[in-house]
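Heads up: the sequence shown begins at 1 in UniProt numbering, then just goes up one per residue.
Even glycine gets a Cβ: it sits at the ideal position worked out from N, Cα and C.
Have a look at the structure below, then the notes.
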Amino acid sequence: MNKDTDIQLSGPFKATDGSGRAHDAKAIRIFDEGYGAIDVYVDFSASISGLHKDKSLIDAVVAQLRTVGYKGPALTAGDSVLQESKLLVLEAPDEFNTFAAGKGWKDLAEEFDDE
Numbered sequence: 001m002n003k004d005t006d007i008q009l010s011g012p013f014k015a016t017d018g019s020g021r022a023h024d025a026k027a028i029r030i031f032d033e034g035y036g037a038i039d040v041y042v043d044f045s046a047s048i049s050g051l052h053k054d055k056s057l058i059d060a061v062v063a064q065l066r067t068v069g070y071k072g073p074a075l076t077a078g079d080s081v082l083q084e085s086k087l088l089v090l091e092a093p094d095e096f097n098t099f100a101a102g103k104g105w106k107d108l109a110e111e112f113d114d115e
């Protein structure tokens, strides 16, 4: 976290998984620029291994995003190779781009759009 290329969307919050266990999330963040598709990174204090596709955990992250202004459809589990023991990576739908742009995200693909 704390890199110059990160945009923090949320600070700490609790996220409950499908078995009812609460997990301490440290932050939700995105990179400050990308080509259309946005990966959303959720940093946890302890390991969440085996929970990267847990619907309840993902729903808790989406609920937290809604508290900071996101109004679009739910996010989905990101590519399994991106997941780490204390990191949940989610794939955002296209509608997330407008929300992210409002937080400072830049879509590099726009530079190549035909006008």
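Residue i: CB within 8 angstroms of a non-hydrogen atom of the ligand FAD
i   : result
K86 : Absent from the structure shown: the ligand FAD. Ligands present: none.
Which listed residue (the options) has its alpha carbon closest to that of residue i
i   : options             : result
G50 : L88, I30, T76, V42  : L88
I38 : H52, I28, L90       : L90
D4  : F31, G78, A25, D24  : F31
Q8  : H23, A100, S45, S85 : A100
Which of helix, strand or coil DSSP assigns to residue i
i           : result
K55         : helix
V68         : coil
A63         : helix
E110        : helix
N2          : Note that N2 scores 47 on pLDDT, short of 50, meaning its location in the model is unreliable and no value can be drawn from it.
A27         : strand
S80         : helix
A100        : helix
A37         : coil
residue 141 : Residue 141 is absent from the model: the chain starts at 1 and stops at 115.
D43         : strand
A92         : coil
L75         : coil
Contacts around residue i, its chain only, beta-carbon distance under 6 angstroms, and the 5 residues preceding and following it disregarded
i   : result
G18 : D54, S56
S10 : I28, Q64, V68
D13 : Here residue 13 turns out to be Phe, not Asp, going by the sequence shown. Answer for F13: A25, Q64, listed in chain order.
Alpha carbon of residue i to alpha carbon of residue j, nearest angstrom
i   : j   : result
G36 : R21 : 34 angstroms
D24 : F96 : 24 angstroms
D59 : R66 : 10 angstroms
Chain-order list of residues whose beta-carbon lies under 7 angstroms from that of residue i (same chain, five-residue window excluded)
i   : result
Q83 : H52, V89
Cβ shell of residue i (< 8 angstroms), same chain only, five flanking positions each side left out
i   : result
S45 : H23, D24, A25, K26, K86
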